[in-house]
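Those sequence lines, one after another, are chains A and B.
First residue of the first sequence: 441, per this note's numbering; consecutive thereafter.
First residue of the second sequence: -14, per this note's numbering; consecutive thereafter.
Using N, Cα and C, we set each Cβ at its ideal position, and we do this for glycine too.
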Amino acid sequence: MSQLSLKHLEKSFNEARIIKGIDLEVSHGEFVVFVGPSGCGKSTLLRMIAGLEDVTEGEIAIGGKVVNDLPPVQRGIAMVFQSYALYPHMTVYENIAFPLRVEKLPNAEVEKRVMAAAKVLQLEPRLQHRPGMLSGGQRQRVAIGRAIVRQPEIFLFDEPLSNLDAALRSEMRIELMELHKRLGSTMIYVTHDQVEAMTMADKIVVLDAGTISQIGSPLQLYHKPDNLFVAGFIGSPKMNFIAGTVSSADGTTIAVDMGKLGTITLPRSAKVGAGQAVTVGIRPEHLQLGEGDFTLSITPRIVEHLGIHTVIYSTLPGGENFIGLFEGDPKVSDEAPVTLGFARDQVHLFDGAGQAVY
Amino acid sequence: MSDVARTTEVASVDSPALVKPKRRARSTKAMIDRYKWYEVAALYLGIALFLFFVLAPFIEGFLVSLKPLAQLFSRPYSFIPKNGSFDAYVDMWTSVPMLGMYIFNSFFISTVVTLIVITIVVPAAYAFARFNFAGAGVLLGLFLAVNMFSGAVLLIPLFRLMRGLGLLNTYWAMIVPGAAFLIPSSIWLLRTYMMRIPKELDEAAWADGASRLYTLRRVILPLAMPGVVVVAIMTFIGAYAQQFIFALTFNSKTEFMPLPVGLFAFFGKQEVLWNELMAASFIGILPVMIVIVFLQRYLVAGLTAGAVKH
């Protein structure tokens, strides 16, 4: 049985529909990441699960019990806010102890639990300090500590790392994953950063304008995106898209005419009528220098040398941006034409409505 | 914290100055806070001018309180008292035996008004700052409208109201209207202050199971303390200033009179004891000064720093 289940969940603010019917099952111990561009409703969805926003329509069930009308504390959740939301006038100790003080637990129990949380989060030397004296990462840990002491069934994280600098962010990412392993509880995590989603999630929920675009494991989303939105959102740098039209389809292969680039024949069994507009997708990292199943020649505008990778940016004859990513430090320079190739089975194909064609 | 950051920053900015041994002392101030000597002089001159303008009546009042009565009407008038003394500060207690009572009444009325206002305004301001309820905007507008009437305009209806409630000639006759006129503006003031406290703090407390009242008591109130203190000071001063008109209209009992009315006792049939009047005024505002000095210790700014990252 799933621990959290959302059924046809909807949310409207006045006339504006923010969440347009979400169905989702989360099982115990899963690390689920809601990811999407800003304004896609991911934070609203999380706040609905937390009980900070009303449900307009549909049903939220935790542990088999409908919790639509229960306050957060009775849902067995704990939330970590993007802004940390620490109480500046209380010490770290009292901040972490706050939920226990609300519960009116005896002092000894409070101390036991706060010390345990502080140990896990390495906050022991900081317990008597005020939040204002802590660094960003430490504040974040205090916020997590406040969530841990309640021993909730489900942790909710609302973009917890977006206020940290890049180095600290990847550090905290590892800490959070270790925490998840240690506690084994369900975690739901909201982010707009697809790297965070890819690295942390057991299951990614890609949201787009209030609907679920695709649910799957990080590698599923990477290798088999259901639609153009997911294909473009997951992966960095972004997948290259080339507009084309179907010139023929015989049930085993589809030939796509890509204008000046030529025609590519892809192994697809779907029945697509000739003349239909389609989009061909190829990830920058699946390009290779030299010839492949399909070969094209481009002139890089910009070349980035990162040591481990080299990235080239160019424009296709059709006007689309085209990015290539190569291992190591190959000999490419800007304004000098290069020949690129890619394998046929690395290519993604999307129909006119943006849905993947297999 | 920012101070620490500033000094270290300044130190690095100043380090080239070490090469020039001529410079006497390295300024520890940031560039933006450094002034030439004549700029500093001009600043202080400006402050002195302004202070003189504001304080001139007090200075003259104080000088008058030091002079013997006869000297007040001497011509040519001398501002500096000759053989001045503090006699007036001693004599006033015998000229007007009830003076102590008047000062106490003033202090007592203002204190009670302040306590009532704070008790009502804190939860009200929290409600206006955080809850969405029908008519909130209209109510706030009405509060503002109330402020457009001074107590004086409403004296007659208030008198009837006080008589109807049987409050005439009691402390309440001065306390109730005093509090009523001060509450609306205080709600505005504190509501604005509370709106600056991040809403996430309420949400975090709510998610952790705290009730709204618990959140108000444990989270919002401590953070709104500087705002509450400002409201308390404003209310206390306001109550002190406005009690004259209410006391004059709604109270005829000498033992309940506050200082502003009590000062009339220095107006004798033959002469006015100006020097003692001034001395009594100064002693009368002393409680206000003490209260403000006491309260301003709680005006700690920047308490919300570190609550949320912006």
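{"query": "Collapsed DSSP secondary structure at F64(B) in the structure displayed", "result": "coil"}
{"query": "Rounded C-alpha distance that separates V513(A) from L464(A)", "result": "22 Å"}
{"query": "As assigned by DSSP and simplified to three states, the class of I655(A)", "result": "strand"}
{"query": "Exposure label - T234(B); buried when at least 16 CB within 10 Å", "result": "buried"}
{"query": "is_contact[P53(B), chain A] using C-beta, thresh 8 Å", "result": "no"}
{"query": "Whether P502(A) touches L444(A) by CB criterion (8 Å)", "result": "Pro is not the amino acid found at residue 502(A); the sequence shown has Ile there. Yes; because the gap between Cβ atoms is below 8 Å, this pair is in contact."}
{"query": "Residues of its chain near V797(A), where Cβ-Cβ distance is below 8 Å and the 5 sequence neighbours each way are ignored", "result": "I694, R708, A710, V712, V718, L789, F790, D791"}
{"query": "Chain B within 8 Å of M519(A), Cβ atoms only", "result": "yes"}
{"query": "Closer than 7 Å at the beta carbon, the chain B residues around E543(A)", "result": "G194"}
{"query": "CA-to-CA distance, R176(B) to M519(A), given in whole angstroms", "result": "27 Å"}
{"query": "Selection from L40(B), I17(B), V273(B), I141(B) that minimises the alpha carbon distance to A226(B)", "result": "V273(B)"}
{"query": "Distance between M263(B) and F252(B) (C-alpha atoms, nearest Å)", "result": "12 Å"}
{"query": "Status (buried if at least 16 other CB within 10 Å, exposed otherwise) for A583(A)", "result": "buried"}
{"query": "Buried versus exposed call for R586(A) [16 or more other C-beta atoms within 10 Å across all chains shown]", "result": "buried"}
{"query": "Within the segment 121 to 154 of chain B, ranges of the alpha helix (DSSP H) (whole runs, at least 4 residues)", "result": "121 to 133, 140 to 150"}
{"query": "Own chain, CB closer than 6 Å to V131(B), minus 5 neighbours either side, in chain order", "result": "P169"}
{"query": "Short Cβ contact (8 Å threshold) for S737(A) with P777(A)", "result": "yes"}
{"query": "Contacts that P207(B) makes with chain A (C-beta to C-beta distance below 7 Å)", "result": "H529"}
{"query": "Helix, strand or coil at L3(B) [DSSP, three-state]", "result": "Note that L3(B) scores a pLDDT of 49, beneath 50, so its modelled location is shaky; the value from the coordinates is reported in the next line. Reduced to three states, the DSSP call for L3(B) is helix."}
{"query": "Beta-carbon neighbours of W78(B), restricted to chain A and to distances below 7 Å", "result": "Under the 7 Å cutoff, chain A gives no residues; its nearest Cβ is about 45 Å from W78(B)."}
{"query": "For L647(A) and K482(A), believed in contact at Cβ under 8 Å, the rounded distance", "result": "5 Å"}
{"query": "Separation of R203(B) from V542(A), as counted between CA atoms", "result": "10 Å"}
{"query": "Contact the segment 48 to 55 of chain B vs the segment 66 to 82 of chain B: 3+ CB pairs below 8 Å", "result": "yes"}
{"query": "Nearest to E599(A) (by Cα), restricted to the options G732(A), P477(A), I752(A)", "result": "P477(A)"}
{"query": "Assumed close pair L563(A), V532(A) - CB separation to whole angstroms, cut-off 8 Å", "result": "6 Å"}
{"query": "Span of the alpha helix (DSSP H), counted from its first residue to its last, around H726(A)", "result": "Here H726(A) belongs to no alpha helix (DSSP H), and DSSP marks it neither H nor E."}
{"query": "Whole-angstrom distance between T626(A) and G469(A), CA atom to CA atom", "result": "4 Å"}
{"query": "CB of E256(B) within 8 Å of CB of D76(B), strictly", "result": "no"}
{"query": "Any chain A beta carbon closer than 8 Å to A290(B)", "result": "A caution first: A290(B) carries a pLDDT of 40, below 50, which makes its placement in the model unreliable, though a value can still be read off. Yes, its Cβ sits closer than 8 Å to a Cβ of chain A."}
{"query": "Under 8 Å between C-beta atoms of G491(A) and L510(A)", "result": "yes"}
{"query": "Reduced DSSP secondary structure (H/G/I, E/B, other) of S478(A)", "result": "coil"}
{"query": "Cβ of A525(A) within 8 Å of any chain B Cβ", "result": "yes"}
{"query": "Cβ-Cβ separation, F267(B) to V246(B) (assumed contact under 8 Å), whole Å", "result": "Not a contact, Cβ separation roughly 17 Å."}
{"query": "Exposed unless 16 or more other CB atoms sit within 10 angstroms - verdict on A783(A)", "result": "exposed"}
{"query": "T739(A), DSSP secondary structure in three states", "result": "coil"}
{"query": "Bounding residues of the alpha helix (DSSP H) (the contiguous stretch that carries Y23(B))", "result": "22 to 51"}
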